[in-house]
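Right, one structure below, let's go through it.
So this is what it looks like as structure tokens:
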């Protein structure tokens, strides 16, 4: 099969289209023909091998899983002899978490992994990124940030993959949402339901007179220290971008003070926990309260260009890789 393979750590230039062996599903696995997957900022960071401590679980010298990508949407073409939850022909989508390997024509997934039947009214392209921005953001907002109706919530990086999902989810949970983005994306963030939008090129949210119960820094460009001033008395700062400074603030605020800094790796949650969150996301989608924002689509052979585009920092919403049209 055709797949994108990373020869080692580095930038987009280490990614090459290669011919590799098609995986054979084990007795409790399903083989999925991938129709669409995604390229993400997190993938780009993992590809760089930085921060270096991430190599402890990703591979010290080179990636343990040389085929990048974690999300997928496609069709089941083969099943293991003990599989009962899926059958050949099922349209599915999901996430491989630390197994990566989705930037390829086929991927093998455990039937009890993070995989669900795809709703008919959700296209492959729209379904593929759900386990990236949507799944991460519902985990951070509800499980880690404990979002509540009526709270003032700020989303930093509101126009990205995590941000566009977070604005919609925070509104669904009943929060008053402020989105922070660039001038070009103000209209997009407003269209997703944000009550207020801050153009970071014109205004620094950390100098605002407003107070926020929850700050979700999707891009890790701010910090707990900078955001502390605008947090409410028991406000929480959360970010999926783990830095050493955030670790120190998490330790300190867990001991003293009402304001907290928090982090949680969504990919380290159990498959059952992630499937439960994914099921809830589909309920929100079916209620018409959630959609996937797609910036650009690239064919499989141009995954390197997709990562080059992401690294330039101009991405809005999601970048989707079309494997099988």
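In my numbering, the protein residues as written are 2 to 326.
The beta carbon of each residue, even a glycine, is placed where N, CA and C say it ideally should be.
Among 265, 194, 235, nearest to residue 141 - alpha-carbon criterion: Counting from 1 along the chain shown, the entry for residue 141 is found at position 140. Among 265, 194, 235, the Cα nearest to that of residue 141 belongs to 265.
For residue 31, the three-state DSSP class (helix, strand or coil): Here residue 31 refers to the residue found at position 30 of the chain shown. Looking at residue 31 - three-state DSSP - the assignment turns out to be strand.
Reduced DSSP secondary structure (H/G/I, E/B, other) of residue 66: Here residue 66 refers to the residue found at position 65 when the chain shown is read from its first residue. Coil at residue 66, not helix or strand.
Best match in 137, 101, 226, 96 for proximity to residue 119 [C-alpha to C-alpha]: Taking the chain shown and counting its residues from 1, the one referred to as residue 119 is at position 118. Of the listed residues, the one whose Cα sits closest to residue 119 is 96.
Inter-residue CB distance, residue 285 and residue 173 (contact presumed, cutoff 8 Å): One-based indexing of the chain shown puts residue 285 at position 284. One-based indexing of the chain shown puts residue 173 at position 172. Confirmed, Cβ separation roughly 6 Å.
At least 3 beta-carbon pairs within less than 8 Å: the stretch 256-265 vs the stretch 275-284: no
N- and C-terminal bounds of the alpha helix (DSSP H) containing residue 233: Reading the chain shown from its first residue, position 232 is the one you call residue 233. It is not in any alpha helix (DSSP H) - residue 233 instead sits in the beta strand (DSSP E) that spans 232-239.
Beta-carbon spacing of residue 4, residue 37 below 8 Å: On the chain shown, position 3 is the one that residue 4 refers to. On the chain shown, position 36 is the one that residue 37 refers to. Contact flag unset, no.
Reference residue 217; option with closest CA among 155, 198, 256: As a working note, residue 217 is residue 216 in the chain shown. Checking every option, the nearest Cα to that of residue 217 belongs to 155.
Every unbroken alpha helix (DSSP H) inside the stretch 243-300 [4 residues or more]: 245-256, 272-287
Residue 145 beta carbon less than 8 Å from that of residue 33: For the purposes of this step, residue 33 is taken as the residue at position 32 of the chain shown. For the purposes of this step, residue 145 is taken as the residue at position 144 of the chain shown. Cβ distance not < 8 Å, so residue 33 and residue 145 don't count as in contact.
Proximity below 8 Å, CB of residue 167 to CB of residue 182: Position 166 of the chain shown holds residue 167. Position 181 of the chain shown holds residue 182. Against a cut-off of 8 Å, the Cβ pair of residue 182 and residue 167 comes out as no contact.
For residue 102 and residue 66, the rounded distance between their alpha carbons: Here the question's residue 66 lines up with position 65 in the chain shown. Here the question's residue 102 lines up with position 101 in the chain shown. Using only the alpha carbons, I get a separation of about 7 Å.
Nearest residue (CA-CA) to residue 240, options 233, 250, 234: As a first step, residue 240 must be located in the chain shown, where it is residue number 239. That would be 250, whose Cα lies nearest to the Cα of residue 240.
Three-way DSSP call (helix, strand, coil) for residue 312 in this model: Here residue 312 refers to the residue found at position 311 when the chain shown is read from its first residue. If DSSP states are grouped into helix, strand and coil, residue 312 belongs with the helices.
Residue 189 - containing alpha helix (DSSP H), residue span: Position 188 of the chain shown, counting from 1, holds the residue named residue 189. From DSSP, the alpha helix (DSSP H) with residue 189 extends over 187-192.
Span separating the alpha-carbon of residue 212 from that of residue 107: Against the chain shown, residue 212 aligns to sequence position 211. Against the chain shown, residue 107 aligns to sequence position 106. Cα to Cα, residue 212 sits roughly 48 Å from residue 107.
Cα-Cα separation, residue 6 to residue 302: For this step, residue 6 is matched to residue 5 along the chain shown. For this step, residue 302 is matched to residue 301 along the chain shown. Roughly 11 Å separates the two Cα atoms.
Exposed unless 16 or more other CB atoms sit within 10 angstroms - verdict on residue 153: Here residue 153 corresponds to residue number 152 of the chain shown, with the count starting at 1. The residue is buried, with at least 16 neighbouring Cβ atoms inside 10 Å.
Residue(s) in a DSSP beta bridge with residue 327: With the chain represented from 2 up to 326, any question about residue 327 goes unanswered, as that position is not in the structure.
Residue 129 versus residue 297 - alpha carbon distance: Against the chain shown, residue 129 aligns to sequence position 128. Against the chain shown, residue 297 aligns to sequence position 296. Looking at the two C-alpha atoms, the distance is approximately 13 Å.
CB-CB length for residue 139 against residue 163, believed under 8 Å: Translated into positions along the chain shown, residue 139 becomes position 138. Translated into positions along the chain shown, residue 163 becomes position 162. 10 Å between Cβ atoms; not a contact.
Per DSSP, cross-strand counterpart(s) of residue 101: Translated into positions along the chain shown, residue 101 becomes position 100. Answer by DSSP bridge pairing: none, since residue 101 is not bridged.
Pairwise C-alpha distance: residue 229 and residue 89: Here residue 89 is taken as the residue at index 88 of the chain shown, counted from 1. Here residue 229 is taken as the residue at index 228 of the chain shown, counted from 1. Rounded to whole angstroms, residue 89 to residue 229 spans 52 Å at the Cα level.
For residue 109, the residue or residues it bridges with in DSSP: As a first step, residue 109 must be located in the chain shown, where it is residue number 108. DSSP, once it has assigned bridges, lists 32 as partnering residue 109.
Whole-number beta carbon distance between residue 127 and residue 293, since they are thought to touch under 8 Å: The residue labelled residue 293 in the question sits at position 292 within the chain shown. The residue labelled residue 127 in the question sits at position 126 within the chain shown. Sure, about 4 Å apart at Cβ, within 8 Å.
Separation of residue 278 from residue 215, as counted between CA atoms: One-based indexing of the chain shown puts residue 215 at position 214. One-based indexing of the chain shown puts residue 278 at position 277. One C-alpha to the other measures close to 20 Å.
Closest residue to residue 290 among 165, 237, 226, 256 (Cα-Cα distance): To locate residue 290, count along the chain shown from 1; it is residue 289. Selected option, being the one with the closest Cα: 165.
Contacts around residue 221, its chain only, beta-carbon distance under 6 Å, and the 5 residues preceding and following it disregarded: Along the chain shown, read from residue 1 onward, the residue named residue 221 stands at position 220. Hits under 6 Å: 240, 242.
CA-to-CA distance, residue 318 to residue 161, given in whole angstroms: As a working mapping, residue 161 is identified with position 160 in the chain shown. As a working mapping, residue 318 is identified with position 317 in the chain shown. Approximately 4 Å, taken between the alpha carbons.
Own chain residues within Cβ distance below 8 Å of residue 42, not counting five before or after: If you number the chain shown from 1, residue 42 lands on position 41. Contacts found: 161, 162, 220, 311, 316.
Beta bridge counterpart(s) of residue 38 as assigned by DSSP: Stepping through the chain shown from its first residue, residue 38 is reached at position 37. The partner list for residue 38 (beta bridge, DSSP) reads 73, 322.
Buried versus exposed call for residue 304 [16 or more other C-beta atoms within 10 Å across all chains shown]: Working through the chain shown from its first residue, we reach residue 304 at position 303. Per the 10 Å Cβ criterion, buried.
Test item: CB-CB of residue 327 and residue 299 under 8 Å: Outside the modelled stretch of the chain, which goes from 2 to 326, sits residue 327, for which no answer is possible.
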